[in-house]
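Engineer: Residue numbers (numbering that gives the first Met the number 0), protein chains in the order written: chain A, 0 to 151; chain B, 0 to 85. Note that CB positions come from ideal geometry on N, CA and C, so glycine has one too.
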Amino acid sequence: MDFVELIKTKDAATKKFLFKHVILLNETNAMGGVAYFANFVKWQGMAREMILRQSPYFKELIIQPIDMITHSCSVKFLGHLYFGDIVRIEVQTKNILPASFVLIFHYYNNETDNLVGTGEQRVTFSERSSGQLCRMPEALVHLAKEVEIPEK
Amino acid sequence: MDDKNIYLEVVGLIATNFKLEEKKICSHSHFKNDLGLDSVDIMDSICLIEERFKVKILLPDTQRQEIPETVEGLVLLIKKKLDIKK
Chain A
0 MDFVELIKTK DAATKKFLFK HVILLNETNA MGGVAYFANF VKWQGMAREM ILRQSPYFKE
60 LIIQPIDMIT HSCSVKFLGH LYFGDIVRIE VQTKNILPAS FVLIFHYYNN ETDNLVGTGE
120 QRVTFSERSS GQLCRMPEAL VHLAKEVEIP EK
Chain B
0 MDDKNIYLEV VGLIATNFKL EEKKICSHSH FKNDLGLDSV DIMDSICLIE ERFKVKILLP
60 DTQRQEIPET VEGLVLLIKK KLDIKK
């Protein structure tokens, strides 16, 4: 079963969310059980939803008439994952602005600890009634700041 | 606050948050065509300006006004809002 937790990084300067997911057969391709590339994007979505779901702000956020929009996303492939592997996705944030922020993803094979991919996505927000871009809900600002990567 | 100081604040704010060189921004810079900002970047800029100048630019959607497309347009709008506050 998928789960997510908030942990401190090694230097304790910042925190990150960990999302773990068991790779199922329907996520692999027909060429030998390798996880299909599109799932790397799908797991970004699953990770962020699980982070929201398990946050103390979840109920507050879902009743707001505001939609979260994925402005852009990317994935860089670094290594294979196979049926039965557990992918561990570490999630942090950066560039937190009033109406958008960036999520940073590092994908690891949980057993070997090998980095198998990286990715990022920028999300923004719109009013459900008008579709106009709007400010990020305050609760989400708090959540994003919990795992913000400090600027160097 | 005069136009020049507003202009310098706006340029600094845009340059810092969108990693642009200040010297490449001028009063006639078009947010999209010259600075490469998209609608989300512009929305972020407007929000930051609201916070910096303590003015309300984004109105409820039924009254939402046109967001200026150039640095100069934005400076003039901020000046107008600040004058109204006086």
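When we look at the beta-carbon of Val74(B) and count the other beta-carbons within 10 Å, is it buried (16 or more) or exposed?
Structural biologist: Burial call: buried.
Engineer: Whole-angstrom Cβ separation of Ile148(A) and Thr92(A), contact assumed at under 8 Å?
Structural biologist: So it is a contact: roughly 7 Å between Cβ atoms.
Engineer: In whole angstroms, give me the CA-to-CA distance for Asn113(A) and Gln43(A).
Structural biologist: Distance between the alpha carbons of Asn113(A) and Gln43(A) is about 18 Å.
Engineer: Of all Cβ atoms in chain B, is any one closer than 7 Å to the Cβ of Thr123(A)?
Structural biologist: It does; some Cβ of chain B falls within 7 Å.
Engineer: Going by DSSP, what residue range makes up the beta strand (DSSP E) through Gln91(A)?
Structural biologist: Segment Ile85 to Lys93, the beta strand (DSSP E) holding Gln91(A).
Engineer: Measuring straight from C-alpha to C-alpha, what distance separates Asp37(B) and Ala37(A)?
Structural biologist: So the two alpha carbons sit approximately 26 Å from each other.
Engineer: Leu132(A) touches chain B at which residues, Cβ-Cβ below 8 Å?
Structural biologist: Those are Ser38, Val39 and Met42, listed as they occur along chain B.
Engineer: Can you give the Cα-Cα distance for Phe82(A) and Val33(A), rounded to whole angstroms?
Structural biologist: When rounded, the distance between both Cα atoms is 7 Å.
Engineer: Starting from the C-beta of Glu49(B), find all residues in its chain whose C-beta is less than 6 Å away, skip the five residues before and the five after it, and write them out in chain order.
Structural biologist: Same-chain partners within the cutoff: Ile56.
Engineer: Span of the beta strand (DSSP E) holding Asn4(B)?
Structural biologist: Careful: Asn4(B) lies outside any beta strand (DSSP E), inside the alpha helix (DSSP H) at Asp2 to Asn16.
Engineer: Within its chain, find whatever has a CB closer than 6 Å to the CB of Ala46(A); leave out the 5 residues flanking it on each side and keep chain order.
Structural biologist: Around Ala46(A): Phe18, Ile88 and Val90.
Engineer: Measure the Cβ-Cβ separation of Asp43(B) and Ala98(A) and say whether it is below 7 Å.
Structural biologist: Their beta carbons are under 7 Å apart, which means Asp43(B) touches Ala98(A) by this criterion.
Engineer: For Ser99(A), decide whether its Cβ has a neighbour in chain B, counting only Cβ atoms nearer than 7 Å.
Structural biologist: Chain B, which has a Cβ nearer than 7 Å to the Cβ of Ser99(A), makes this yes.
Engineer: Does His70(A) get closer than 7 Å to chain B when you measure Cβ to Cβ?
Structural biologist: For His70(A), the answer is yes, since a Cβ of chain B falls inside 7 Å of its Cβ.
Engineer: Show which residues of chain B have a CB atom less than 9 Å away from the CB atom of Leu139(A).
Structural biologist: Correct list: empty, because the minimum Cβ distance to chain B is about 14 Å.
Engineer: If I measure Cβ to Cβ from Leu24(A) and keep anything under 8 Å in the same chain, skipping five residues before and after, which residues do I get?
Structural biologist: The answer, listed in chain order, is Gly32 and Phe82.
Engineer: Can you give me the start and stop residues for the alpha helix (DSSP H) that Val140(A) sits inside?
Structural biologist: Glu137 to Glu145 is the span of the alpha helix (DSSP H), which, as asked, contains Val140(A).
Engineer: Whose Cβ in chain B lies nearer than 8 Å to the Cβ of Leu96(A)?
Structural biologist: What Leu96(A) touches in chain B: Asn16, Asp43, Cys46 and Leu47.
Engineer: Taking the continuous alpha helix (DSSP H) assigned at Lys23(B), which residues delimit it?
Structural biologist: Here Lys23(B) belongs to no alpha helix (DSSP H), and DSSP marks it neither H nor E.
Engineer: If Glu8(B) sits next to Ala14(B), beta carbons under 8 Å apart, how far is it from one beta carbon to the other, in whole angstroms?
Structural biologist: About 11 Å separates the two Cβ atoms, so there is no contact after all.
Engineer: Ordered along the chain, which non-local residues of its own chain (more than five positions away) have a Cβ less than 8 Å from that of Asn108(A)?
Structural biologist: Same-chain partners within the cutoff: Gly78, Leu80, Asp84, Ile85, Val86, Arg87 and Val115.
Engineer: In whole angstroms, give me the CA-to-CA distance for Ile103(A) and Lys85(B).
Structural biologist: Going by the C-alpha atoms only, they are around 43 Å apart.
Engineer: If you draw a straight line from the alpha carbon of Lys14(A) to that of Ser28(B), how long is it in whole angstroms?
Structural biologist: Roughly 39 Å between the two C-alpha positions.
Engineer: Pick from Tyr106(A), Leu142(A) and Thr111(A): whose alpha carbon is nearest that of His20(A)?
Structural biologist: Measuring from the Cα of His20(A), the nearest candidate turns out to be Tyr106(A).
Engineer: Alpha carbon to alpha carbon, how far is Met49(A) from Leu47(B)? Give it in angstroms, no decimals.
Structural biologist: Taking the straight line from one Cα to the other gives about 30 Å.
Engineer: Evaluate Ser73(A) with the Cβ neighbour count: other Cβ atoms within 10 Å of its Cβ, from every protein chain shown; 16 or more gives buried, anything less gives exposed.
Structural biologist: Flag for Ser73(A) reads exposed.
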